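Student:
There are 2 protein chains.
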Amino acid sequence: MDRENKVSMTVIRRLPKYYRYLGELLNKGINRISSQELSKLTGFTASQIRQDLNNFGGFGQQGYGYNVEELHRQLGKILGLDKDYNTVIAGSGNLGQAVANYKGFEDAGFKVLSLFDKNPKIIGLKIRDVEIRDVDLMEQFIKDNDVEIGIITTPKENAQDIANIFIKSEKIRGIWNFAPADLTVPDNIVVENVHLNESLFTLSYFLKNYDNYNI
Amino acid sequence: MDRENKVSMTVIRRLPKYYRYLGELLNKGINRISSQELSKLTGFTASQIRQDLNNFGGFGQQGYGYNVEELHRQLGKILGLDKDYNTVIAGSGNLGQAVANYKGFEDAGFKVLSLFDKNPKIIGLKIRDVEIRDVDLMEQFIKDNDVEIGIITTPKENAQDIANIFIKSEKIRGIWNFAPADLTVPDNIVVENVHLNESLFTLSYFLKNYDNYNI
DNA sequence: TAGATTGTTAATCGATTAACAATC
DNA sequence: TAGATTGTTAATCGATTAACAATC
Numbered sequence: 066m067d068r069e070n071k072v073s074m075t076v077i078r079r080l081p082k083y084y085r086y087l088g089e090l091l092n093k094g095i096n097r098i099s100s101q102e103l104s105k106l107t108g109f110t111a112s113q114i115r116q117d118l119n120n121f122g123g124f125g126q127q128g129y130g131y132n133v134e135e136l137h138r139q140l141g142k143i144l145g146l147d148k149d150y151n152t153v154i155a156g157s158g159n160l161g162q163a164v165a166n167y168k169g170f171e172d173a174g175f176k177v178l179s180l181f182d183k184n185p186k187i188i189g190l191k192i193r194d195v196e197i198r199d200v201d202l203m204e205q206f207i208k209d210n211d212v213e214i215g216i217i218t219t220p221k222e223n224a225q226d227i228a229n230i231f232i233k234s235e236k237i238r239g240i241w242n243f244a245p246a247d248l249t250v251p252d253n254i255v256v257e258n259v260h261l262n263e264s265l266f267t268l269s270y271f272l273k274n275y276d277n278y279n280i
Numbered sequence: 066m067d068r069e070n071k072v073s074m075t076v077i078r079r080l081p082k083y084y085r086y087l088g089e090l091l092n093k094g095i096n097r098i099s100s101q102e103l104s105k106l107t108g109f110t111a112s113q114i115r116q117d118l119n120n121f122g123g124f125g126q127q128g129y130g131y132n133v134e135e136l137h138r139q140l141g142k143i144l145g146l147d148k149d150y151n152t153v154i155a156g157s158g159n160l161g162q163a164v165a166n167y168k169g170f171e172d173a174g175f176k177v178l179s180l181f182d183k184n185p186k187i188i189g190l191k192i193r194d195v196e197i198r199d200v201d202l203m204e205q206f207i208k209d210n211d212v213e214i215g216i217i218t219t220p221k222e223n224a225q226d227i228a229n230i231f232i233k234s235e236k237i238r239g240i241w242n243f244a245p246a247d248l249t250v251p252d253n254i255v256v257e258n259v260h261l262n263e264s265l266f267t268l269s270y271f272l273k274n275y276d277n278y279n280i
């Protein structure tokens with residue numbers, strides 16, 4: 066990683082898509098790809114793809130292109146997918162359970178150690194071997210189990226309180242926030258938001274303004 | 066809406082956030098806000114906020130700022146939230162159920178008429194008054210009920226097949242896709258993706274490369 | 001009126017695209 | 001070697017920020 070000039074957010078947000086397509090190519094047994102072919106798959110221009118990748122190093126070879134397996138592994142490393150992460154989920158409703166069940170996450174090295182909730186009716190239940198515990202036990206659990214990532218799937222009213230517990234634990238380095246609220250956290254904690262409302266409203270915008278965008 | 070020069074994607078993606086904060090201000094009974102105050106809330110610059118809003122018209126007043134209620138309503142209209150939408154959910158696992166249960170969507174005018182699945186064990190169940198039906202009945206259901214939005218919460222293997230049913234129905238105008246796959250659809254259908262993997266991988270990137278970004 | 005804040009133009013900054021020499 | 005395709009520089013395009021006259 067180049068410490069001098071940090072890579073821009075627009076580039077970083079494209080990396081997971083490259084990674085996904087390279088994984089699919091790998092599964093198909095394809096072991097070589099050019100920026101032009103990758104352009105057809107991803108919809109980004111070949112020029113942009115080469116620019117993006119060269120932020121991290123010269124992974125290609127003139128006249129040949131890129132080795133799929135090599136590039137996939139390199140991108141995985143760049144994205145931090147070469148290690149495992151312990152996570153907990155705060156909020157054990159449908160969304161929390163959906164995240165806990167999502168096979169793709171475990172495959173990528175994200176391990177859900179426990180769910181938490183404040184509803185006594187569901188505390189003690191198990192979701193795919195993972196127990197739902199009382200949220201009052203969460204801070205200690207995080208400390209005891211070296212949990213690095215906290216996932217918030219509570220209603221928005223409780224999101225900041227949960228974030229505060231994460232902060233207080235002094236173990237959580239990243240928060241994956243599904244609540245439609247902007248969290249206040251110290252500088253050393255990374256927050257990634259999944260704001261479903263905002264996504265749906267964008268869809269709705271394009272439905273309404275369709276005529277302006279397609280002809 | 067200005068038919069001449071269409072508004073850029075970067076602007077559109079900020080609108081839901083404005084809308085959310087204005088809604089919160091409205092609930093607090095605040096009826097006036099300046100671009101500078103809105104800047105403090107949203108994190109966008111005051112200049113950018115004024116630029117963004119002026120894509121759609123002059124909603125403010127010199128020396129005063131913006132009327133919260135008026136701006137909130139205008140943004141709702143711009144985002145197409147001034148009407149209701151009928152939706153169906155294909156894939157009735159945890160994620161589909163989570164979406165069906167999400168109170169905020171119904172409040173915003175998105176009505177889930179039915180869930181669908183191919184698993185006989187869950188067909189017939191009800192999620193909050195909404196029945197899970199056999200996916201084989203989906204196309205006809207969409208036609209019979211004027212469904213405009215199709216939501217895909219199936220595994221990625223089935224996502225394109227579901228999209229094809231949506232297309233075939235000739236009623237669906239927008240697809241909200243939660244499967245980690247890029248769908249192929251005709252030009253007249255809008256697709257909005259929620260790629261949870263990509264979001265999580267971005268978080269993971271920043272955890273790994275934290276040192277380059279803070280200090 | 002005086003003060004505040006918009007709407008809008010101009011300047012800057014950053015991201016994308018084009019082009020091509022390097023080289024496998 | 002000839003052809004293909006990268007890595008990288010330069011040109012273009014678009015988005016953000018700064019500045020300020022207009023005006024409530």
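In order, the protein sequence lines correspond to chains A and B.
Each residue of the first sequence is one higher than the one before, starting from 66 at the first, in our numbering.
Each residue of the second sequence is one higher than the one before, starting from 66 at the first, in our numbering.
Quick reminder that beta carbons are idealized off the backbone N, C-alpha and C, glycines included.
Here the structure is a predicted model, which is why all the values come from computation and not from measurement.
The alpha helix (DSSP H) with Arg85(B) in it runs from where to where?
Tutor: Met74 to Asn92
Student: Measure from the C-beta of Lys270(A) to each C-beta in chain B and report whether the shortest distance is under 8 Å.
Tutor: Strictly speaking, residue 270(A) in this sequence is Tyr, with Lys absent from that position. For Tyr270(A), the answer is yes, since a Cβ of chain B falls inside 8 Å of its Cβ.
Student: Leaving out five residues on either side along the sequence, give the residues of the same chain with a beta carbon under 8 Å from the beta carbon of Thr110(A).
Tutor: Closer than 8 Å at the Cβ level, and outside the excluded window around Thr110(A), lie Ser104.
Student: Determine which residues share a DSSP beta bridge with Met198(A) and list them.
Tutor: As written in the sequence, residue 198(A) is Arg, which differs from the Met given in the question. For Arg198(A), which the question treats as bridged, DSSP gives the partners Phe181(A).
Student: Any contact between the stretch 199-209 of chain A and the stretch 174-183 of chain A? By contact I mean 3 or more CB pairs, one from each, below 8 Å.
Tutor: yes
Student: Please confirm if Lys191(B) has its CB atom under 8 Å from at least one CB of chain A.
Tutor: No, because no Cβ of chain A sits closer than 8 Å to the Cβ of Lys191(B).
Student: For my contact list, Asn258(A) and Asn242(A) are in at a C-beta cut-off of 8 Å; report their separation, rounded to the angstrom.
Tutor: 5 Å
Student: Would you grab the beta carbon distance between Leu146(B) and Gly174(B) for me? Rounded to a whole angstrom, and I think it's under 8 Å.
Tutor: 6 Å
Student: With contact counted as at least three CB pairs below 8 Å, one residue from each stretch, are the stretch 73-90 of chain B and the stretch 259-270 of chain A in contact?
Tutor: The count of Cβ pairs closer than 8 Å, one atom from the stretch 73-90 of chain B and one from the stretch 259-270 of chain A, reaches three, so the stretches are in contact.
Student: Whose CA, out of Ile77(A), Tyr129(A), Lys71(A) and Ser73(A), lies closest to the CA of Arg97(A)?
Tutor: Ranked by Cα distance from Arg97(A), the first of Ile77(A), Tyr129(A), Lys71(A) and Ser73(A) is Tyr129(A).
Student: In chain A, which residues lie less than 8 Å from Val259(B) when you measure between Cβ atoms?
Tutor: Val259, Leu261 and Ser264
Student: Counting contacts by CB-CB distance shorter than 8 Å, is Ala163(A) in contact with chain B?
Tutor: yes
Student: Asn159(B) versus chain A: which residues are under 7 Å apart at the beta carbon?
Tutor: Asn159, Gln162, Ala163 and Asn166
Student: So which residues on chain A does Lys82(B) lean against when the C-beta distance must stay under 7 Å?
Tutor: Glu263
Student: Provide the residue span of the beta strand (DSSP E) that contains Ile216(A), from first to last.
Tutor: First-last of the beta strand (DSSP E) with Ile216(A): Ile214 to Ile217.
Student: Kindly list, in the order they appear in chain B, the residues whose Cβ is closer than 8 Å to that of Leu146(A).
Tutor: Phe266 and Ser269
Student: What residue does the beta strand (DSSP E) around Thr152(B) start on, and which one ends it?
Tutor: It spans Tyr150 to Ala155 - the beta strand (DSSP E) in which Thr152(B) sits, taken as one unbroken run.
Student: What do you get for Thr249(A), buried or exposed, if any count of 16 or more other CB atoms within 10 angstroms of its CB means buried?
Tutor: exposed
Student: Could you compute how far the alpha carbon of Tyr167(A) sits from the alpha carbon of Asp226(A)?
Tutor: 25 Å
Student: With DSSP collapsed to three states, give me the class of Val250(B).
Tutor: coil
Student: Taking Cβ-Cβ distances below 9 Å as the criterion, which residues of the stretch 227-240 of chain B are in contact with chain A?
Tutor: Arg238, Gly239 and Ile240
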